[in-house]
Amino acid sequence: MIRTAAHHHRTWWRAPLVASLPGLPCLALEYRWFASHHETGAFGGVLYWACGLLAFAWALPHRRALRPTRMTAAGAGLVLALLPMLWLMLAITASPSS
57 MIRTAAHHHR
67 TWWRAPLVAS
77 LPGLPCLALE
87 YRWFASHHET
97 GAFGGVLYWA
107 CGLLAFAWAL
117 PHRRALRPTR
127 MTAAGAGLVL
137 ALLPMLWLML
147 AITASPSS
């Protein structure tokens, strides 16, 4: 089947870009912080899944039919990238200050 221009999605890059702008610096910071302790700990899988989902969102074909998949992958990658930081802020907030 020959694809025409009608199947090409012109703004395919927006969802991965919006997720990657805050997600990649957080991932780099978290990976550096976990690597300084010589282990990724409980969040190791989360970091790798976040990287994989962000890369998957960029690698999908640029078709309009894959827009929901691209947005879901980018959103899930962003949530997983921010999860360790959010968990850290929650732990700091919940800890008793003495």
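Read left to right, the sequence shown gives residues 57 to 154 (our numbering). Using N, Cα and C, we set each Cβ at its ideal position, and we do this for glycine too. Because the structure is a prediction, the values reported are computed rather than measured.
C-beta contact flag for residue i and residue j at 8 Å
i: Ala-40; j: Ala-113; result: The chain is shown only over 57 to 154; residue 40 falls outside these bounds and no answer can be derived.
i: Pro-72; j: Arg-126; result: yes
i: Leu-110; j: Ala-130; result: yes
Boundaries of the alpha helix (DSSP H) in which residue i is found, first to last residue
i: Glu-86; result: 70-92
Closest Cα partner of residue i within the set the options
i: His-65; options: Ala-147, Leu-144, Gly-133, Leu-122; result: Leu-122
i: Phe-99; options: Val-135, Pro-152, Pro-117; result: Val-135
i: Ala-132; options: Ala-150, Ser-76, Thr-67; result: Ser-76
i: Trp-69; options: His-118, Tyr-104, Gly-97, Leu-83; result: His-118
i: His-63; options: Ala-115, Arg-120, Leu-144; result: Arg-120
i: Leu-144; options: Val-74, Thr-67, Cys-82; result: Cys-82
i: Leu-80; options: Leu-139, Gly-97, Leu-116; result: Leu-139
Residues bridged to residue i (per DSSP)
i: Arg-119; result: His-64
Cβ-based burial, residue i [other Cβ within 10 Å; buried from 16]
i: Glu-86; result: buried
i: Leu-103; result: buried
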